[in-house]
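Asker:
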Amino acid sequence: MTEKRMVFSEDLSTSSDYLRMAVPLMIQRQIPPTPHNYALWYAHVQNAHPELSATLLEQFPGPGSYDPDVSESLFFDFFIKTYLPNSPQAQNLLVSILTQLARSVAQSAEGSKAYGESLKETIHVLEEPIDSERIRAALSQLLEDTVSMEGLNNAFRSELQAVSAEVAKLKKELEQSQYNARVDSLTKIANRRAFNDALQQALGSDEEPASLLLLDLDRFKQCNDTYGHLMGDRILEIVGGVLAELQSDSVFVARYGGEEFAVIATSPLGPATELAERIRRKVAGIRIQRKGSKDFMGEVTVSIGVVQARGGESPDSLIERADAALYRAKDGGRDQVVALNDSHGTSVP
Ligand SMILES: Nc1nc2c(ncn2[C@@H]2O[C@H](COP(=O)(O)OP(=O)(O)OP(=O)(O)O)[C@@H](O)[C@H]2O)c(=O)[nH]1
Numbered sequence: 001m002t003e004k005r006m007v008f009s010e011d012l013s014t015s016s017d018y019l020r021m022a023v024p025l026m027i028q029r030q031i032p033p034t035p036h037n038y039a040l041w042y043a044h045v046q047n048a049h050p051e052l053s054a055t056l057l058e059q060f061p062g063p064g065s066y067d068p069d070v071s072e073s074l075f076f077d078f079f080i081k082t083y084l085p086n087s088p089q090a091q092n093l094l095v096s097i098l099t100q101l102a103r104s105v106a107q108s109a110e111g112s113k114a115y116g117e118s119l120k121e122t123i124h125v126l127e128e129p130i131d132s133e134r135i136r137a138a139l140s141q142l143l144e145d146t147v148s149m150e151g152l153n154n155a156f157r158s159e160l161q162a163v164s165a166e167v168a169k170l171k172k173e174l175e176q177s178q179y180n181a182r183v184d185s186l187t188k189i190a191n192r193r194a195f196n197d198a199l200q201q202a203l204g205s206d207e208e209p210a211s212l213l214l215l216d217l218d219r220f221k222q223c224n225d226t227y228g229h230l231m232g233d234r235i236l237e238i239v240g241g242v243l244a245e246l247q248s249d250s251v252f253v254a255r256y257g258g259e260e261f262a263v264i265a266t267s268p269l270g271p272a273t274e275l276a277e278r279i280r281r282k283v284a285g286i287r288i289q290r291k292g293s294k295d296f297m298g299e300v301t302v303s304i305g306v307v308q309a310r311g312g313e314s315p316d317s318l319i320e321r322a323d324a325a326l327y328r329a330k331d332g333g334r335d336q337v338v339a340l341n342d343s344h345g346t347s348v349p
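As numbered in UniProt numbering, residues 1 to 349 make up the sequence shown, in order.
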């Protein structure tokens with residue numbers, strides 16, 4: 001090995017800059033952050049010794065190439081045997097690297113105190129008159145401690161991961177409960193609370209006219225009585241599914257309560273009435289086979305009242321008018337759409 005001197009900076013901030021350049025190279029190659037590895041890669045980025053750089057790059061070209069024995073012998077060849085006995089600067093380099101390490105370790109975890117002590121001890125040895133054997137002993141102690149430090153860091157990291165997994169789980173639960181608060185659990189469409197907000201918003205917008213459809217399943221009590229409450233629930237789910245298919249930027253569907261549904265359409269009365277008619281036909285087309293039988297249930301039908309909001313109209317007033325239209329549809333024989341376009345309840349022909 002040639003006796004070429006490296007020029008080491010005694011300035012701690014310059015040392016930090018080199019260390020910052022060395023670390024990414026070590027990470028890329030999966031080189032463990034032991035003090036002797038730091039020293040080798042520090043010397044490399046400093047371009048202090050081309051022969052060392054060439055050997056390092058040749059021995060550790062990329063991930064998976066690391067060999068601790070090769071690394072350790074390089075360290076002893078380049079630093080201990082060749083330079084350290086004659087070089088107080090090299091000593092300074094190690095002191096500065098170890099000081100940096102001690103600092104970052106001290107910040108990382110409570111339990112790293114023992115490791116910090118070991119580093120201080122090593123620094124102390126290095127500051128004394130050079131004695132290769134003592135340095136070797138101190139470094140091997142340091143390497144041993146590095147292994148346990150790595151274990152500690154791993155425990156610290158998995159603890160952090162566990163905490164962030166817990167936080168992510170809580171966040172998901174919170175989002176789920178916020179979602180649940182606005183969705184009807186049976187039909188999986190918006191519930192009354194979400195409907196109230198959507199209606200308020202639709203009435204607050206000056207840009208588009210808003211219309212409201214109120215839907216009520218016909219003779220649903222009879223349906224429950226004949227086929228059972230569970231079958232009644234199933235019908236509500238199916239009707240909810242029919243409405244869910246219509247949901248869009250301009251159509252908001254919700255379960256209003258019990259066997260009643262509501263649709264807010266951002267459109268004038270005409271198109272809203274056509275939409276209501278489509279819904280009525282779709283519901284009338286539902287065929288439900290009875291469980292364990294070839295028989296189909298009697299038809300499910302719906303009555304629908306439709307109104308268009310007036311400028312500045314309150315949600316309560318609009319709902320009241322839609323309810324009046326719905327009442328007319330029931331009164332008129334059910335399975336029909338009634339659209340009202342004035343305060344006197346005049347039907348749209
Ligand atoms: N299965 C089931 N039934 C419900 C639910 N919510 C409300 N109902 C039933 O819906 C029925 C509504 O009955 P009524 O208000 O008398 O009206 P209807 O029988 O539908 O008659 P019209 O509205 O006049 O056509 C009641 O029997 C309620 O028990 C529900 O979540 N599941």
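Where is the CB? At the ideal position from N, CA and C, for every residue including glycine.
Please state the DSSP three-state secondary structure of isoleucine 264.
Answerer: It is a strand residue.
Asker: Tell me the residue span of the beta strand (DSSP E) that contains arginine 255.
Answerer: Looking at the DSSP string, the run of the beta strand (DSSP E) that includes arginine 255 is 251-257.
Asker: Is the beta carbon of valine 306 less than 7 Å from the beta carbon of alanine 325?
Answerer: Cβ distance < 7 Å, so valine 306 and alanine 325 count as in contact.
Asker: Buried or exposed: where does glycine 240 fall if 16 or more other Cβ atoms within 10 Å of its Cβ makes it buried?
Answerer: Buried, by the Cβ-count rule.
Asker: Do you know offhand how far glycine 111's Cα is from proline 68's?
Answerer: The predicted model places glycine 111 with a pLDDT of 49, which falls under 50 and marks its position as unreliable, so this point remains unresolved.
Asker: If distances are taken between C-alpha atoms only, which option among Glu207, Val242, Asp218 and Gly292 comes closest to serine 250?
Answerer: Selected option, being the one with the closest Cα: Glu207.
Asker: Is the beta carbon of aspartate 184 within less than 6 Å of some heavy atom of ligand 1?
Answerer: Answer for aspartate 184: no, Cβ out of range of ligand 1.
Asker: First and last residue of the beta strand (DSSP E) that includes glycine 305?
Answerer: Where glycine 305 is concerned, the enclosing beta strand (DSSP E) stretches over 302-308.
Asker: Would you call tyrosine 256 buried or exposed, if buried means 16 or more other Cβ atoms sit within 10 Å of its Cβ?
Answerer: When all chains shown are included, tyrosine 256 counts as buried.
Asker: If you run the structure through DSSP and keep just helix, strand and coil, what is serine 177?
Answerer: Correct three-state label for serine 177: helix.
Asker: Give the secondary structure of phenylalanine 76 by DSSP, where H, G and I count as helix, E and B as strand, and everything else as coil.
Answerer: In this structure, phenylalanine 76 counts as helix in the three-state DSSP scheme.
Asker: If you draw a straight line from the alpha carbon of serine 205 to that of phenylalanine 195, how long is it in whole angstroms?
Answerer: Each residue's alpha carbon lies about 16 Å from the other.
Asker: Just checking: is the beta-carbon of threonine 55 within a distance shorter than 7 Å of some beta-carbon in chain B?
Answerer: Absent from the structure is chain B; it holds one protein chain and no more.
Asker: Could you pull out every unbroken alpha helix (DSSP H) segment of at least 4 residues lying fully inside the region 12-60, listed in chain order?
Answerer: Correct list: 12-28, 35-45 and 50-59.
Asker: Heavy atom of ligand 1 less than 6 Å from the Cβ of glutamate 259, yes or no?
Answerer: True, at least one ligand heavy atom lies under 6 Å from that Cβ.
Asker: Identify the continuous beta strand (DSSP E) that holds alanine 339 and give its terminal residues.
Answerer: Per DSSP, alanine 339 belongs to the beta strand (DSSP E) from 337-340.
Asker: Identify whether leucine 214 lies in helix, strand or coil by the three-state DSSP scheme.
Answerer: Reduced to three states, the DSSP call for leucine 214 is strand.
Asker: What would DSSP say about glutamine 247, mapped onto helix, strand or coil?
Answerer: Note: glutamine 247 maps to coil in three-state DSSP.
Asker: Please look up how many angstroms separate the CB atoms of valine 242 and lysine 282, rounded, as I've assumed it's under 8 Å.
Answerer: Between lysine 282 and valine 242 the Cβ distance is about 5 Å, and since that is below 8 Å, they are a contact.
Asker: Starting from arginine 193, trace the alpha helix (DSSP H) in both directions and tell me its first and last residue.
Answerer: 192-204 is the extent of the alpha helix (DSSP H) around arginine 193.
Asker: Kindly examine ligand 1 and report whether one of its heavy atoms sits closer than 6 Å to the Cβ of phenylalanine 195.
Answerer: Phenylalanine 195 Cβ: outside cutoff for every heavy atom of ligand 1.
Asker: Tell me whether arginine 219 counts as near ligand 1, meaning its Cβ is closer than 6 Å to at least one heavy atom of that ligand.
Answerer: Yes, ligand 1 has a heavy atom inside 6 Å of this Cβ.
Asker: Sorry if obvious, but does the Cβ on glycine 312 come closer than 6 Å to a heavy atom of ligand 1?
Answerer: It does not: the Cβ of glycine 312 is nowhere closer than 6 Å to a heavy atom of ligand 1.
Asker: What separation, rounded to the nearest whole angstrom, lies between the Cα atoms of alanine 106 and tryptophan 41?
Answerer: Per-residue confidence for alanine 106 stands at a pLDDT of 49, beneath the threshold of 50, marking its modelled position as unreliable; no derived number is given.
Asker: Tell me the rounded alpha-carbon separation between residue 351 and glutamate 72.
Answerer: An answer regarding residue 351 cannot be provided, because it is not within the stretch 1 to 349 covered by the chain.
Asker: Are there 16 or more other CB atoms within 10 angstroms of the CB of serine 211, so buried, or fewer, so exposed?
Answerer: The residue in question, serine 211, is buried, as its Cβ has 16 or more Cβ neighbours within 10 Å.
Asker: Using 6 Å as the cut-off, classify the Cβ of aspartate 316 as near or not near the heavy atoms of ligand 1, replying yes or no.
Answerer: Aspartate 316 Cβ: outside cutoff for every heavy atom of ligand 1.
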